[in-house]
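Mature numbering (1 follows the signal peptide of the UniProt record, and there is no 0) puts the sequence shown at residues -17 to -1, 1 to 306. From the three backbone atoms N, C-alpha and C, an ideal C-beta is built for every residue, glycine too.
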Amino acid sequence: MCGGREWQLGLLRELLAFLLDGLHEDLNRVKQKPYIEMKDSDCRPDEEVAYECWKNHMARNDSLIVDVCQGQYKSTLVCPVCGKISLTFDPFMYLSLPLPSTVTRTMTVTVIYGDGSGLPMPFTVNVLKHGSCRDLCSALGTACCLKSDEMLLLAEVYKHKIFRYLEIPLESLASIKDDEHIVAYRLKKGVRKMKLEIMHRDNMKSGDRKLFGSPLVTYLDEDPQYGANNEAYVHKMLSPFRRAYSSTKSYDGKEDGFIPAGSDEQSNISSIECESRNMTTGCSEQEETSCGESYFRLVLTNESCLSCDPIKKDSLTKNLVDL
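Below you can see the structure in the form of structure tokens.
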């Protein structure tokens, strides 16, 4: 492919040269070209030699093409035996120069709040094509007005799940393709206790569960030993989405929480699934009854999100790790 492109560019250069030479000969005002003997530079100033060479060239070539398209470049030749320097100024019609490659690239990254203080927001930034993840974080930090006590965690999302985290600052951006979905999680610095992922899942009419959207990620500042602690973190992360939803739909006064044991209430509206990769793995489903009531159910899930084991409100999370 590259060889064919270079061959086509070569043909274009030859065509352009042929057209310019033909136009010059047709428009040349000099019909009888005189013979002019070139003189040596003899260490004269470059300006003087250049003027003399151009005057001699114009004596034989005088056309609109010369006025617009021609110029001179300096040529220096040094004899390796005697050291004599020969300086000439040669006319040129065109020069073949390589086109500069693009040194920057445009990347659109969705910045997601890790503390549930706002809705996700996409930002488009320009970064060096061969830059690093640190350069991308710096550009995103400027675009989203990142605070001094905050950091950005880059991640690649594939099929609505976290495929990998880009946690190496010097990792090249060349490893990120243009069609890959990159998100940045806005987190507090210094909080590294446990990583919690929340994935969005829709209950289909057929009973299947389909993931959608981008996962939410936050760091927990303490060990959530009980299910109620997990509930608090999930509610905090989902608060901006719930506020946005409540602006278009009013709720009754039922308190959000866990589904009681033995409850058979089901819904086909939506679900949220959260997964903690470091110590515990859990999932919460948000369901809605026909009366508009909203609540959550936390369950444990595996990496493939196929198994879901309910977590009771008073159950110990650490006892559920081995399920």
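*Counting only runs that start and end within the segment 10 to 81, where is the beta strand (DSSP E) found for 3 or more residues in a row?*
54 to 61, 68 to 75
*Just confirm the distance between the C-beta atoms of residue 177 and residue 202, as a whole number of angstroms; I'd bet it's less than 8 Å.*
About 7 Å separates the two Cβ atoms, so the contact holds.
*For residue -3, which residues from the same chain have a beta carbon less than 8 Å from its beta carbon, with the 5 sequence-adjacent residues on both sides left out?*
In its own chain, leaving out the 5 sequence neighbours on each side, no residue places its CB closer than 8 Å to the CB of residue -3.
*asked:* Using only CA atoms, which one of 21, 195, 14, 134 lies nearest to residue 45?
replied: 14
*Give the DSSP bridge partners of residue 1, in chain order.*
In DSSP, residue 1 forms no bridge with anything.
_Between the alpha carbons of residue 12 and residue 41, how many angstroms are there, rounded?_
10 Å
*Out of curiosity, what's the CA-to-CA distance linking residue 55 and residue 89?*
39 Å
_DSSP three-state label for residue 303, please._
For residue 303, the pLDDT reaches just 32, beneath the cut-off of 50, and the residue's location in the model is therefore unreliable, although a value from the coordinates is still provided. The answer is helix: DSSP assigns residue 303 an H, G or I state.
*Contacts around residue 7, its chain only, beta-carbon distance under 6 Å, and the 5 residues preceding and following it disregarded*: 46, 48
*Endpoints, alpha helix (DSSP H) assigned at residue 121*: In the DSSP annotation of this structure, the continuous segment of the alpha helix (DSSP H) that includes residue 121 starts and ends at 116 to 126.
*Skipping 5 residues on each side, what residues in its chain have a beta carbon closer than 8 Å to that of residue 117?*
152, 153
*Could you name the residues of the same chain whose beta carbon sits closer than 6 Å to that of residue 120, not counting the 5 residues immediately before and after it, in chain order?*
135
_Residue burial classification, residue 198 (beta-carbon count within 10 angstroms, cutoff 16)_ = buried
_Just list the residues that DSSP pairs residue -9 with in beta bridges._
Looking at the DSSP assignment, residue -9 forms no beta bridge with any residue, so it has no partner.
_If distances are taken between C-alpha atoms only, which option among 87, 94, 101 comes closest to residue 125?_
94
*Just how far apart, CA to CA, sit residue 193 and residue 147?*
20 Å
*Check each candidate in 65, 109, 70 and name the one with the smallest Cα separation from residue 24.*
70
*With respect to 7 Å, is the separation between the Cβ of residue 25 and the closest non-hydrogen atom of the ligand MG below this value?*
For the structure depicted, the ligand MG is absent and the ligand set is empty, with no information on it obtainable.
*Please report how far the alpha carbon of residue 80 lies from the alpha carbon of residue -5, in whole angstroms.*
11 Å
*DSSP three-state assignment for residue 219, whether helix, strand or coil*: helix
*asked:* In this structure, how does DSSP classify residue 129 when only helix, strand and coil are distinguished?
replied: coil
*Based on Cα-Cα distance, which residue from 96, 110, 182, 78 lies nearest to residue 143?*
182
*Count the other CB atoms, across all protein chains shown, that sit within 10 Å of the CB of residue 1; report buried if there are 16 or more and exposed otherwise.*
With fewer than 16 other Cβ atoms within 10 Å, it is exposed.
_Backbone CA spacing between residue 32 and residue 60 [nearest angstrom]_ = Approximately 15 Å, taken between the alpha carbons.
*asked:* Does residue 113 come out as helix, strand or coil in the three-state DSSP assignment?
replied: coil
_Nearest to residue 166 (by Cα), restricted to the options 216, 103, 36_ = 103
*Where residue 6 falls: helix, strand or coil (DSSP)*: DSSP, read as helix, strand or coil, puts residue 6 in helix.
*Grab me the residues of residue 78's own chain with a C-beta within less than 7 Å of its C-beta, minus the 5 sequence neighbours each way, in chain order.*
none
_Once the 5 residues before and after residue 158 are set aside, which same chain residues still bring their CB inside 6 Å of it?_
none
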